[in-house]
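J.:
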């Protein structure tokens, strides 16, 4: 791959080939950087993303990579990009061989497998053993972040599950639809955890936390001491009161159970017109099942996205064959039918419920931490105990608890840095995406209501943005097929842009 200097302006990016490899070439001033052209998360085209300083952000799900090293520095990507050798001769810039292979350990220092004995008298000493409880997004990215930042002590990642930590968003999307193989789901391999000297304790249950002694009591009777603890215990699905066989989608085994049930089923009823419920509906339609969605709302996702987009989503699903029973609630659930409050019944041989989750705060409560709609944390993700941090679905930050994968991962990364003593207030802007068939909605910010929404672009042309306001202030922006707008708004919010500046970004994009 080679270009003339004048073909790539400062701040520009271009995709090309080096042999069989797809390569991204980026320019910052007089420096050129070459890396893999596709995000290591879901293979998004980085040339369509944005350069921010010496980083590049993926257009699809806003993962962030270091241009110099290729290291993934912001969720949802964890694996690094390869970098390539760049040379300049006069007005010609050439990209040649791979300079660095993907998959190397994120940290280059030797990490002892066990910490040195702790001096209890030295309370302010740097932590030697950081334990992370929970291996979902927050916990997994916290462990990775510790090593990326050069933490040389012991890292223990505890999971109740038997499988390696995995990519949960895929469970309701391509994996459930049968389009993503099982080997895509783990976040890292056993060898990658070993290379970074992360002690992964699978199938392990913690019975209690002794905050005063800084110890965990495990179900097998073992006691595990820590210097700092990161709580990332996540949330569990709300369950309906019924003896019927109702499936809930939260874990990889949950998804496998639904797939097995779907193989012998013809009619599925989904209770809950939520994001997870509708994504599941789309995936089951792709498997050929008849699908009926029951929801108490007048339109799906109206509370989260507003009337117009709610209607658009309903039309989208109906176009793909989904039936809706809205403004209704189940009064009786049997294995072969769900009876609604109007006396009608929906026959089925598969029932799935997506009616919200409950933060898993029992351990935190018993440990004496402050709990109020989650574990209360400050800007450092620190709980009421200075040696314990919380991140992800359980964390109540700024009186808000956010239940999304990317936000959880970035909270885990922030908690990890602060457990090391960096003292960096979290600045990440919440982000999530929701996939329905071949359409993916990007959501930047956090709105608690959606009744004040201004729409730009065209719903019919599936090219739009919605700007949400509360008390006149912009709280969130949702886009469809406008990755450029989503990235620009995220960056503006990070930098503390005014409402007028954010408005201008959106208006200019649809002018």
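In this note's numbering, the protein residues as written are 89 to 599.
Where is the CB? At the ideal position from N, CA and C, for every residue including glycine.
Can you tell which of 260, 589, 249 and 400 has its C-alpha closest to the C-alpha of residue 549?
T.: The shortest Cα separation from residue 549 among 260, 589, 249 and 400 belongs to 400.
J.: Quick one: give me the first and last residue of the alpha helix (DSSP H) that residue 341 is part of.
T.: Here the alpha helix (DSSP H) through residue 341 covers 340-351.
J.: Considering only the alpha carbon of each residue, which of 506, 537 and 553 lies closest to residue 529?
T.: Taking only the C-alpha atoms, the option nearest residue 529 is 553.
J.: Near residue 544, which residues of its chain fall below 8 Å by C-beta distance, leaving aside the five closest residues on each side in sequence?
T.: Counting only Cβ-Cβ distances below 8 Å, and skipping sequence neighbours, we find 552, 553, 554, 555, 594, 595, 597 and 598.
J.: Please tell me whether residue 270 and residue 262 are closer than 8 Å, where the distance is taken between their beta carbons.
T.: Cβ distance not < 8 Å, so residue 270 and residue 262 don't count as in contact.
J.: Considering only the beta carbon of each residue, do residue 370 and residue 259 sit closer than 8 Å?
T.: Taking 8 Å as the Cβ cut-off, residue 370 and residue 259 do not qualify as a contacting pair.
J.: Would you kindly check if the distance between the Cβ of residue 357 and the Cβ of residue 410 is under 8 Å?
T.: Going by C-beta atoms, residue 410 is not nearer than 8 Å to residue 357.
J.: Which complete alpha helix (DSSP H) runs does the segment 209-278 hold, if anything under 4 residues is left out?
T.: The qualifying runs are 225-236 and 262-265.
J.: Here's the rule I'm using: 16 or more other beta-carbon atoms within 10 Å means buried, otherwise exposed. How should residue 354 be labelled?
T.: That one is exposed.
J.: Between residue 322 and residue 482, which are expected to be in contact by the criterion C-beta below 8 Å, what is the C-beta distance as a whole number of angstroms?
T.: Going by Cβ atoms, the distance from residue 322 to residue 482 rounds to 7 Å, so yes, they are a contact pair.
J.: Which residues share a DSSP beta bridge with residue 609?
T.: Because the chain spans 89 through 599 in this model, residue 609 falls outside it and cannot be assessed.
J.: Where do the ends of the beta strand (DSSP E) carrying residue 493 lie?
T.: That residue, residue 493, is in no beta strand (DSSP E); its alpha helix (DSSP H) goes 493-507.
J.: Decide if residue 285 is buried, meaning its Cβ has at least 16 other Cβ atoms within 10 Å, or exposed.
T.: Looking at its Cβ environment, which holds 16 or more other Cβ atoms inside 10 Å, residue 285 is buried.
J.: Taking buried to mean at least 16 other C-beta atoms within 10 Å of its own C-beta, is residue 214 buried or exposed?
T.: That one is exposed.
J.: Rounded to whole angstroms, what's the CA-CA distance from residue 612 to residue 150? Just pull it up for me.
T.: With the chain covering 89 to 599 only, the question about residue 612 has no answer from this structure.
J.: Less than 6 Å between C-beta atoms, sequence neighbours within five positions excluded: which residues of the same chain meet that for residue 252?
T.: Excluding residues within five positions, the ones whose Cβ falls inside 6 Å are 274.
J.: Kindly indicate which three-state DSSP category residue 589 falls into: helix, strand or coil?
T.: In this structure, residue 589 counts as helix in the three-state DSSP scheme.
J.: I need the straight-line Cα distance from residue 100 to residue 140, nearest angstrom please.
T.: If I take the Cα positions, the gap works out to 11 Å.
J.: Please state whether the Cβ-Cβ distance between residue 582 and residue 510 is less than 8 Å.
T.: No, they are not a contact pair.
J.: By how many angstroms is the C-alpha of residue 362 removed from the C-alpha of residue 146?
T.: Rounded to whole angstroms, residue 146 to residue 362 spans 26 Å at the Cα level.
J.: Report yes if the C-beta distance between residue 226 and residue 470 is below 8 Å; otherwise report no.
T.: Not a contact, by the Cβ cut-off of 8 Å.
J.: For residue 172 and residue 159, which I take to be in contact (beta-carbon distance under 8 Å), what is that distance rounded to the nearest angstrom?
T.: At roughly 15 Å, the Cβ-Cβ gap does not stay under 8 Å, so residue 172 and residue 159 are not in contact.
J.: Three or more C-beta pairs under 8 Å: does that hold for the segment 372-386 against the segment 414-432?
T.: Flag = yes, the segment 372-386 and the segment 414-432 touch.
J.: Output the distance between the C-alpha atoms of residue 536 and residue 174, rounded to the nearest integer angstrom.
T.: Going from the Cα of residue 536 to the Cα of residue 174 covers about 47 Å.
J.: Could you check where the beta strand (DSSP E) with residue 549 kicks off and where it finishes?
T.: Per DSSP, residue 549 belongs to no beta strand (DSSP E) and is neither H nor E.
J.: Mind checking which residues open and close the alpha helix (DSSP H) that includes residue 451?
T.: Here the alpha helix (DSSP H) through residue 451 covers 450-454.
J.: How far does the alpha helix (DSSP H) with residue 369 in it reach, from first residue to last?
T.: First-last of the alpha helix (DSSP H) with residue 369: 363-374.
J.: Give the C-beta separation of residue 478 and residue 465 to the nearest angstrom, bearing in mind that I take them to be a contact with Cβ-Cβ under 8 Å.
T.: Yes, residue 478 and residue 465 are in contact; Cβ-Cβ is about 5 Å, under 8 Å.
J.: Are there 16 or more other CB atoms within 10 angstroms of the CB of residue 92, so buried, or fewer, so exposed?
T.: Exposed, because fewer than 16 other Cβ atoms sit within 10 Å of the Cβ of residue 92.
J.: Hey, does residue 276 have any beta-carbon neighbour from chain D nearer than 8 Å?
T.: Included in the structure is just one protein chain, with no chain D present.
J.: Cα separation between residue 437 and residue 339?
T.: If I take the Cα positions, the gap works out to 21 Å.
J.: How is residue 134 classed by DSSP in three states: helix, strand or coil?
T.: Residue 134 falls in the helix class under three-state DSSP.
J.: Report the rounded CA-to-CA distance for residue 576 versus residue 236, giving the unit in angstroms.
T.: Residue 576 and residue 236: Cα-Cα distance of roughly 27 Å.
J.: Report the three-state DSSP secondary structure of residue 481 (helix, strand or coil).
T.: Here residue 481 sits in helix by DSSP.
J.: Going by C-alpha distance, which of 504, 517 and 144 is nearest residue 241?
T.: Nearest option by C-alpha distance: 504.
J.: Among all the DSSP beta bridges, which residues are the ones paired with residue 598?
T.: Note: residue 598 sits in no beta bridge, so no partner.
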